[in-house]
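> Residue numbers (the working numbering), protein chains in the order written: chain F, 1 to 178; chain S, 1 to 724; chain E, 1 to 387; chain X, 1 to 101.
Handing you a structure now.
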Amino acid sequence: MFVKFLFLISTLLTLAGAIGVVAVKNIMHACVFLLASLIGVAGLYVTLGADFVSAVQLVVYVGGVVILMIFAVMLTGGDKADFFNKFGFEKVSAMGNKKTYLVGSAVLIVFTLSVGKIIFNIIDLKSSKDPQSYVSTVEQLGHLLLTDHVLAFEASSVVLLGALIGAAIIARPNRGVK
Amino acid sequence: MDYTVTSVAPIILLPFLAFVINSFIVKKFTKVAIVISCGAIFTSFLFALRIFKNFVFDVYSSGYHVHKVFNWFDLSYDKIPFKVDMGIYIDNMTAVMLLMVTGVATLIHIFSTFYMQHDARYGRFFVYMSLFTSAMLGLVLSDNLLSVFIFWELMGFCSYSLIGFYYEKEGAGNASLKAFMTTRVGDVFFLLGILALWSVVGSVRFVDIYSAIASGAFSNHFVLGIPLATFAAFCVFMGTIGKSAQFPLQVWLPDAMFGPTPCSALIHAATMVAAGVYLSLRMEPLMQLGNLKVFIAYVGAITAFGAATIALIQTDIKAVLAYSTISQLGYMVLGIGVDAYNASFMHLITHAVFKACLFLAAGSVIHSLHDHHTDSHVQEMPRMGGLRKKLPFTFIAMMFCTLAIAGIPFFSGFVSKDRILGEALIKAFHSKVYIIPMLLGFAAAFLTAFYMFRMMFLTFFGEPRDKDLHHHVHEEHISWNQNIPLLILSVFTLGVFYSGSLTGQGEVKIFSKRYEWFATLIEKPHLENFKDYERQPFGFSDQKSKKVFEQSIYDPTHGLEEEEAHHAHQTHVFGAILSIIIAFSGVGLAYLTYIAKKIDPRMWTSRFSNWNEALENKYYMDWFYIEVLIKKVLLPFNNLVSFFDMGIFDRYAVDGMEKVNKTLFTGAKWFDNLVIDTSMVDGTGASVKLMNVILRTIQSGKIQFYFIVIVLVLASYIWTLNIH
Amino acid sequence: MNNTIVSYLLDFEIVRNMFDFVSTKFGLNASGILTFFIFFIAAFIVVNVMAVIGGLGTYAERKISADMQMRIGPNRVGPFGILQFLADGVKMIMKEDIVPAKADRALFFVAPTLCLMGVFASLAVIPFSKGLTLTHLNVGVVYLLGVSSLVGIGIFLGGYSSNSKWSMLGGMRGASQIISYEIPVTLSMLAVVVLAGGLSFDKLVDAQTGWPTGWFIFHNPFTFIGFFVFFVGVLAETNRAPFDLPEAESELVSGYHTEFTGMRFAFFALAEYVEVFVVCGAASALFLGGYKVPMDLGGESILGQILQMGSFLTKTFLLYYVVIWIRWTLPRLRVDQLMVVCWKYLTPIALFNLVGCALWVYFLNGKSFYELVMNMAVTSIHSGGGH
Amino acid sequence: MISLSSYLLISFFLFLCGILVIIARKNIIAILLGIELLLNSAALNFVAYSRYTAQNLDGHIFALFIIVIAAAEAAVGLAIVIRFFQIKESIHIDDASQLQS
């Protein structure tokens with residue numbers, strides 16, 4: 001069915017993106033891979049019938065956060081990895097070397113063991129119970145947002161305002177500061 | 001008529017609110033601040049009027065209202081009750097007192113807008129005045145001794161700050177300190193009294209104390225051998241002595257004249273000093289129980305007579321008034337002493353009115369006598385004289401009040417002072433011990449009449465002694481804040497307001513109801529109606545039913561038998577005639593010496609030269625306190641303590657210990673480095689260093705390390721969840 | 001999938017029995033894959049048509065600009081130079097594909113595709129006619145916004161990956177321009193959404209009636225201003241006309257896509273022109289009544305659909321003409337002027353419009369200005385007649 | 001068919017990638033990328049559960065708020081990174097160890 005096909009593409013996109021972010025050397029490439037995985041997740045949301053959430057994911061993440069990341073990379077000296085800090089030691093390379101990946105994977109193994117214990121015994125890929133058809137969630141969401149979750153809604157607006165102004169002030173260029 | 005907090009609270013809160021607001025805006029908006037503080041006190045006057053109307057016009061009612069406002073703290077520990085509730089206690093006396101305080105304060109506020117106009121710190125004065133009035137009203141309305149004590153101290157602070165208002169004047173500083181310290185002495189005893197009462201009654205509320213007295217709870221309590229009732233009564237009375245400047249502690253009031261005149265009018269004439277007497281009136285049953293009456297009578301009489309004598313030779317107009325205040329307060333205390341309860345309270349009210357008016361008049365006199373050379377205001381009577389033509393309205397007001405204070409019939413002074421002296425006379429007939437206070441009382445009455453009229457003649461009559469000063473005095477015209485308050489106050493000095501009858505004796509019939517007016521209104525806290533007052537739970541206003549007693553409490557017969565009553569009435573009449581004769585003779589003598597110049601005052605001073613000298617320096621009281629009490633007694637005591645502490649304790653205890661230490665030390669050193677140092681100390685040191693290394697690495701500052709720790713902890717947590 | 005082209009095609013019997021045949025044959029319910037296949041065909045058709053329209057866009061641009069400047073413009077290739085864009089296309093393909101030396105090869109390839117992807121993805125939502133839209137997404141407007149921001153990333157990466165200072169600067173300016181102009185555009189779109197009460201383009205267009213008075217542009221003063229804010233914002237977002245700073249020939253030597261040659265450059269150019277079309281389509285759908293025209297076009301039949309599509313396309317092309325017209329009349333804005341216009345003028349006005357619209361809907365419960373006037377007129381006549 | 005567990009697996013994998021990125025990378029912005037991955041995996045889980053088990057839209061709302069907060073967090077985080085870069089001329093994570101005890 002169409003949904004199954006979309007699900008396949010999206011999972012592929014997400015997982016490839018995630019692996020890309022992990023593996024790739026250049027930070028800009030990592031950003032693009034993140035972009036890919038985010039688009040994949042948006043696709044997954046569509047297969048889950050959450051059309052508004054996927055649209056918001058597209059607008060916010062793809063339209064906003066990734067561009068922000070890329071801008072940040074540009075503003076902080078591009079992707080040249082600086083190897084030496086002021087004391088002259090050979091610093092660990094900006095994008096991580098073998099040792100860091102080793103430590104990372106060790107931690108991962110421990111984590112997968114403990115969490116996996118739970119996940120792997122509730123996994124049953126066979127169950128094909130796909131509950132219900134796809135219905136538009138926009139009206140319902142709008143309704144819920146403004147009735148049950150109005151406090152969270154207003155609080156998040158305040159948080160966003162704070163972040164908006166805060167980020168602008170923190171990142172002001174140096175010449176302002178004496 | 002409900003006396004819930006809402007109808008009463010504004011009285012206290014409005015001036016306090018004015019204080020709070022003004023203290024912020026006084027610098028920039030002085031005019032607004034003045035309006036606020038005057039408006040506040042005037043509105044609380046209206047509230048007081050409302051309460052007075054509701055309360056008083058059901059004459060003979062002895063209903064009292066206690067309303068619990070809030071529970072301040074409750075530290076009662078198993079059986080020992082230690083609970084303080086703030087509340088409001090209103091009965092006839094409070095209603096009248098409220099009316100008097102707010103009325104006088106409003107008029108004084110209005111007058112001080114005139115008097116303090118050109119003062120540099122014009123606004124700040126009103127800030128203190130508002131605070132003071134709210135404190136005084138708080139005291140009058142409070143239902144327990146602790147809140148009385150709080151407002152008592154607040155008033156002490158206000159008088160301290162107002163006396164020291166002109167801090168550039170060199171005397172003002174230590175005068176305010178002296179005032180504060182002497183009242184503190186009284187307050188210490190007052191607090192002692194409160195604690196003593198507390199130990200017996202378990203609470204400090206008036207109703208509880210009255211019911212305890214009524215149910216005889218004080219019977220078997222002794223303190224240091226003295227029955228506790230007497231001890232508590234004495235301590236509370238010491239509070240009055242301190243605050244109302246009675247005999248031992250009256251030195252501070254004359255020095256309090258450094259403050260601005262409206263302040264001395266309000267604080268050191270009408271309200272604060274009256275607070276002491278008010279307290280004793282409230283605690284009268286306790287005084288009765290502790291049979292302290294004789295002592296009180298003596299103190300009152302001595303103060304009255306002593307202050308009157310000193311006032312004779314004062315040249316400063318305000319000093320004369322200060323000493324006359326002390327002597328009148330002495331009268332009130334004498335009134336309490338001789339069981340003339342409502343006479344004393346009436347004297348308190350009448351005195352407040354005419355003394356405030358006198359001070360204000362003196363203030364306007366001083367204000368107009370502006371000495372251009374020294375650019376200061378003249379207060380010395382020798383430089384005044386003949387101001388009658390220049391300050392007509394002040395003269396009229398001052399004359400009314402002088403007549404009142406001297407005890408001339410038809411005036412309020414006569415009504416109340418005569419009643420006190422009459423009661424003293426009755427008491428004197430009963431028991432010998434009261435004769436001296438009675439005699440001193442009558443002598444003081446004579447002296448009062450004399451020095452008051454001396455002051456009047458020196459300032460207003462005769463020809464001006466200081467020509468150019470007199471020339472500069474500008475003609476006085478009716479102005480709303482200079483003489484209107486004076487005239488209003490002087491109107492209230494007429495006797496009719498207080499006794500109903502012109503002569504001030506007996507009842508007056510108004511629309512078929514027999515009014516003994518003022519006297520019937522105020523009566524002793526009748527213990528009977530407290531006896532059945534078992535400790536009601538708080539939170540409701542113990543509104544006694546409006547049980548109207550058929551017959552007023554105050555019956556001239558004092559519950560004596562018929563024959564006795566007749567005898568008492570006769571003595572009353574005799575007392576009245578005697579005091580009239582004394583008053584007029586005092587006036588006559590003053591007239592002779594100062595107007596007709598028949599008697600030369602110098603003749604008196606030369607004949608009783610040593611007396612005169614004693615009067616000059618106020619019976620050497622100040623000298624006694626400073627030289628003897630402080631220098632000879634307290635300081636040496638201080639050195640003694642320090643000697644003991646430094647000398648003995650330091651030399652022997654500390655140094656001695658040092659020698660002991662030295663011997664012990666050598667033994668300890670050997671033991672120490674052998675056993676402890678090697679194994680224990682270094683061991684722990686090492687372990688601490690190890691721990692440090694471990695801990696330091698954890699705080700590695702590497703953010704990723706922290707993240708790893710988070711993930712591992714999360715993993716371990718999930719591991720234990722064992723969801724199956 | 002409801003009553004769109006795909007569902008329309010599905011109605012035909014031949015298609016349905018083909019389904020049954022295939023599903024019986026392969027066992028698994030193949031209809032899913034088949035619908036996907038049909039959808040693919042429909043999408044392919046739309047993409048190609050758009051490519052052609054994009055090309056025609058270039059042609060139209062050169063012809064109109066020539067006409068404005070009293071010259072003839074391309075007329076050699078094909079009648080009146082219509083096939084000029086094909087010639088350009090062939091030229092592009094023939095061109096040598098140069099990749100700058102230390103350029104970031106991966107991103108160099110990804111950037112143009114991202115741009116194109118963004119633009120063509122947004123085609124899914126444009127309401128050509130009642131039935132002929134690819135999908136009736138009920139989050140249409142938000143989807144359009146999300147996808148169109150991909151173009152921004154594409155431009156930026158293009159600028160960054162070609163490893164030259166000027167194109168980097170052009171890329172940065174382009175991306176920041178697109179992002180900052182997204183806000184006024186979004187807000188003015190929301191103003192219309194508030195009026196229509198739904199996010200899907202289908203509902204938006206239905207809420208407007210045929211007669212111009214029913215269009216949203218004349219609905220109330222706020223949407224009227226909203227249309228112009230939207231139009232200016234959209235101009236900036238597609239880097240067109242007065243806002244074409246990123247590829248400003250005079251300063252940055254055509255900005256981010258200087259290093260791109262051949263087909264890659266064609267992608268960028270095509271993406272730009274198609275995006276202009278998409279945006280004009282959105283404008284006409286949102287504000288000018290989409291495929292609604294005064295006379296009823298009989299929506300059910302195929303002919304009706306095509307007529308509706310015709311009316312939609314005419315409106316869009318008119319807007320397209322205006323865009324091109326503006327390009328050759330207004331001078332280019334400086335960067336700071338650009339930002340000032342966006343943040344100090346457009347965004348506040350857009351916010352004001354949104355609030356205005358909301359209040360308008362709340363107080364006058366959604367009636368358009370025209371209806372109000374008519375009601376008053378009717379009531380006044382009625383009451384007028386009364387006394 | 002697509003079942004809930006497949007979504008769980010995907011989000012679990014995303015979570016692992018996020019953790020690995022954060023631990024392995026030394027560039028602060030890469031770490032921020034990792035954080036975005038973590039947040040996305042959590043949001044995905046929420047939406048998945050709201051479809052398969054809870055049948056109501058609470059999962060969607062939670063996911064929405066995660067996205068909103070993630071955006072705010074990213075903005076402020078990057079602002080800090082830029083200011084950090086202005087001060088220390090490097091965005092290497094090990095340079096940010098002033099809190100070392």
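Every residue, glycine too, gets a C-beta built ideally from N, C-alpha and C.
Smallest Cα separation from H268 (chain S): which of S:F132, S:N617 and S:I595?
Stepping through the second sequence from its first residue, residue 268 (chain S) is reached at position 268. If we check each option's Cα against that of H268 (chain S), S:F132 comes out closest.
> Check K659 (chain S) in the structure and name its three-state DSSP category.
Walking along the second sequence from the start, residue 659 (chain S) turns up at place 659. Helix at K659 (chain S).
> Between the beta-carbon of P227 (chain S) and the beta-carbon of G290 (chain S), is there less than 8 Å?
Position 227 of the second sequence, counted from the start, is the residue given in the question as residue 227 (chain S). Position 290 of the second sequence, counted from the start, is the residue given in the question as residue 290 (chain S). Cβ distance < 8 Å, so P227 (chain S) and G290 (chain S) count as in contact.
> In the DSSP assignment, the beta strand (DSSP E) including D85 (chain S) goes from what residue to what residue?
As a first step, residue 85 (chain S) is located in the second sequence; it is residue number 85 there, counting from the start. Note, D85 (chain S): beta strand (DSSP E), K83 to I90.
> Quick one: which residues of the region 691 to 702 of chain S get their C-beta closer than 9 Å to a C-beta of chain X? List them in chain order.
L695, R696, I698, Q699, S700, G701 and K702
> Can you list the residues of chain X that V711 (chain S) reaches, using a CB-CB cut of under 7 Å?
Against the second sequence, residue 711 (chain S) aligns to sequence position 711. Neighbours of V711 (chain S) on chain X, chain order: I19.
> So what's P227 (chain S) in DSSP terms, helix, strand or just coil?
Position 227 of the second sequence, counting from 1, holds the residue named residue 227 (chain S). Residue state, collapsed to three classes: strand.
> Could you please give the first and the last residue of the uninterrupted alpha helix (DSSP H) stretch that includes W480 (chain S)?
As a working note, residue 480 (chain S) is residue 480 in the second sequence. Run containing W480 (chain S): none; DSSP gives neither H nor E here.
> Relative to the alpha-carbon of H372 (chain S), which residue among S:I313, S:G202, S:D466 and S:P15 has its alpha-carbon at the smallest distance?
What you label residue 372 (chain S) is simply residue 372 of the second sequence in a count that begins at 1. When each option's Cα is compared against that of H372 (chain S), the closest is S:D466.
> Between the alpha carbons of M97 (chain S) and I349 (chain S), how many angstroms are there, rounded?
By one-based count along the second sequence, residue 97 (chain S) stands at place 97. By one-based count along the second sequence, residue 349 (chain S) stands at place 349. Approximately 7 Å, taken between the alpha carbons.
> Starting from the N-terminal side, write out each stretch of the alpha helix (DSSP H) that is 4 residues or longer and does not extend beyond the region 330 to 417 of chain S.
341 to 368 and 392 to 406
> Helix, strand or coil for D316 (chain S), going by three-state DSSP, please let me know.
Within the second sequence, numbered from 1, the residue matching residue 316 (chain S) stands at position 316. D316 (chain S) falls in the strand class under three-state DSSP.
> In whole angstroms, what is the alpha-carbon distance linking Q84 (chain E) and N75 (chain E)?
Translated into the one-based positions of the third sequence, residue 84 (chain E) becomes position 84. Translated into the one-based positions of the third sequence, residue 75 (chain E) becomes position 75. Approximately 8 Å between the Cα atoms of the pair.
> Given a cut-off of 8 Å, decide if L421 (chain S) and F446 (chain S) are closer than it, judged by their beta-carbon atoms.
Sequence index remark: in the second sequence, residue 446 (chain S) carries index 446 (1-based). Sequence index remark: in the second sequence, residue 421 (chain S) carries index 421 (1-based). Cβ atoms of F446 (chain S) and L421 (chain S): not closer than 8 Å.
> Note down, in chain order, each residue of its chain lying with its Cβ closer than 6 Å to the Cβ of A583 (chain S), except the 5 sequence neighbours on either side.
For the purposes of this step, residue 583 (chain S) is identified with residue 583 of the second sequence, where counting begins at 1. Excluding residues within five positions, the ones whose Cβ falls inside 6 Å are A406, G407, I408 and A449.
> Thinking just about the alpha-carbon of each residue, which of X:L44, X:N40 and X:I22 is nearest to the one in D94 (chain X)?
Reading the fourth sequence from its first residue, position 94 is the one you call residue 94 (chain X). Among X:L44, X:N40 and X:I22, the Cα nearest to that of D94 (chain X) is on X:I22.
> Any C-beta of chain A within less than 7 Å: which residues of the region 51 to 67 of chain F qualify?
Protein chains F, S, E and X are contained in the structure displayed, whereas chain A is not.
> Identify which residue in E:D20, E:Y362, E:F224 and E:L338 has its Cα closest to the Cα of S180 (chain E).
What you label residue 180 (chain E) is simply residue 180 of the third sequence in a count that begins at 1. Minimum Cα distance to S180 (chain E) is reached at E:L338.
> Which whole-angstrom value is the C-beta distance of T493 (chain S) and F354 (chain S), which I expect to be below 8 Å?
Reading the second sequence from its first residue, position 493 is the one you call residue 493 (chain S). Reading the second sequence from its first residue, position 354 is the one you call residue 354 (chain S). At roughly 5 Å, the Cβ-Cβ gap stays under 8 Å, so T493 (chain S) and F354 (chain S) are in contact.
> For G226 (chain E) and K344 (chain E), what's the separation of their Cα atoms in angstroms?
Numbered from its first residue, the third sequence carries residue 226 (chain E) at position 226. Numbered from its first residue, the third sequence carries residue 344 (chain E) at position 344. Near 16 Å, if we compare the C-alpha coordinates of K344 (chain E) and G226 (chain E).
> Can you tell me whether DSSP reads N48 (chain E) as helix, strand or coil?
Counting from 1 along the third sequence, the entry for residue 48 (chain E) is found at position 48. N48 (chain E) falls in the helix class under three-state DSSP.
> Going straight from the alpha carbon of N234 (chain S) to that of Q288 (chain S), what length do you get?
In the second sequence, counting from the first residue as 1, residue 234 (chain S) sits at position 234. In the second sequence, counting from the first residue as 1, residue 288 (chain S) sits at position 288. First, the residue type needs correcting, since residue 234 (chain S) is Phe and not Asn in the sequence shown. Using only the alpha carbons, I get a separation of about 11 Å.
> Within a Cβ cutoff of 6 Å, which residues of the same chain sit near N71 (chain S), ignoring the five residues on either side of it in sequence?
Counting from 1 along the second sequence, the entry for residue 71 (chain S) is found at position 71. Result list for N71 (chain S): D85, in chain order.
> Among X:G18, X:F13, X:A70 and X:I2, which residue has its Cα nearest to the Cα of V56 (chain F)?
Residue numbering aside, residue 56 (chain F) sits at position 56 when the first sequence is read from its first letter. The residue with the shortest Cα to Cα distance from V56 (chain F) is X:A70.
> Spatial neighbours of K632 (chain S) within its chain, please: CB distance less than 6 Å, with the 5 preceding and 5 following residues excluded, ordered by chain position.
The residue labelled residue 632 (chain S) in the question sits at position 632 within the second sequence. So no residue of the chain qualifies.
> Leaving aside the five residues before and after Q308 (chain E) along the sequence, list all residues of the same chain whose C-beta is less than 7 Å from its C-beta, in chain order.
Your numbering for residue 308 (chain E) matches position 308 in the third sequence. The answer, listed in chain order, is S129, K130, Y291, L297 and G299.
> List the whole-angstrom C-beta distance separating L68 (chain F) from A74 (chain X), where the pair is believed to meet the contact cut-off of C-beta under 8 Å.
Along the first sequence, read from residue 1 onward, the residue named residue 68 (chain F) stands at position 68. Along the fourth sequence, read from residue 1 onward, the residue named residue 74 (chain X) stands at position 74. Sure, about 6 Å apart at Cβ, within 8 Å.
> Under a CB-based cut-off of 8 Å, is A75 (chain X) close to chain F?
Numbered from 1 along the fourth sequence, position 75 holds the residue referred to as residue 75 (chain X). Yes, because at least one Cβ of chain F sits closer than 8 Å to the Cβ of A75 (chain X).
> State the Cα-Cα distance for the pair I39 (chain F) and I72 (chain E), rounded to the nearest angstrom.
Translated into the one-based positions of the first sequence, residue 39 (chain F) becomes position 39. Translated into the one-based positions of the third sequence, residue 72 (chain E) becomes position 72. Taking the straight line joining both Cα atoms gives about 46 Å.
> Taking beta-carbon pairs under 7 Å, can you tell me which members of the region 14 to 27 of chain F lie near chain X?
T14, L15, A18, I19, V21, V22 and I27
> Just how far apart, CA to CA, sit K427 (chain S) and G239 (chain S)?
Taking the second sequence and counting its residues from 1, the one referred to as residue 427 (chain S) is at position 427. Taking the second sequence and counting its residues from 1, the one referred to as residue 239 (chain S) is at position 239. The straight-line gap from Cα to Cα measures roughly 25 Å.
> What does the alpha-carbon distance come out to for the pair V66 (chain F) and Q177 (chain E)?
Within the first sequence, numbered from 1, the residue matching residue 66 (chain F) stands at position 66. Within the third sequence, numbered from 1, the residue matching residue 177 (chain E) stands at position 177. So the alpha carbons of these two residues sit roughly 16 Å apart.
> Which whole-angstrom value describes the C-beta separation of N138 (chain E) and L190 (chain E), a residue pair presumed to lie in contact below a C-beta threshold of 8 Å?
Position 138 of the third sequence, counted from the start, is the residue given in the question as residue 138 (chain E). Position 190 of the third sequence, counted from the start, is the residue given in the question as residue 190 (chain E). Their Cβ separation, rounded to whole angstroms, is 16 Å, which puts N138 (chain E) and L190 (chain E) out of contact at 8 Å.
> Since I believe I88 (chain S) is in contact with D143 (chain S) (beta carbons under 8 Å), could you give me their beta-carbon distance rounded to a whole number of angstroms?
Counting from 1 along the second sequence, the entry for residue 143 (chain S) is found at position 143. Counting from 1 along the second sequence, the entry for residue 88 (chain S) is found at position 88. At roughly 6 Å, the Cβ-Cβ gap stays under 8 Å, so D143 (chain S) and I88 (chain S) are in contact.
> Three or more beta-carbon pairs under 8 Å between the region 325 to 333 of chain S and the region 240 to 258 of chain S, yes or no?
yes
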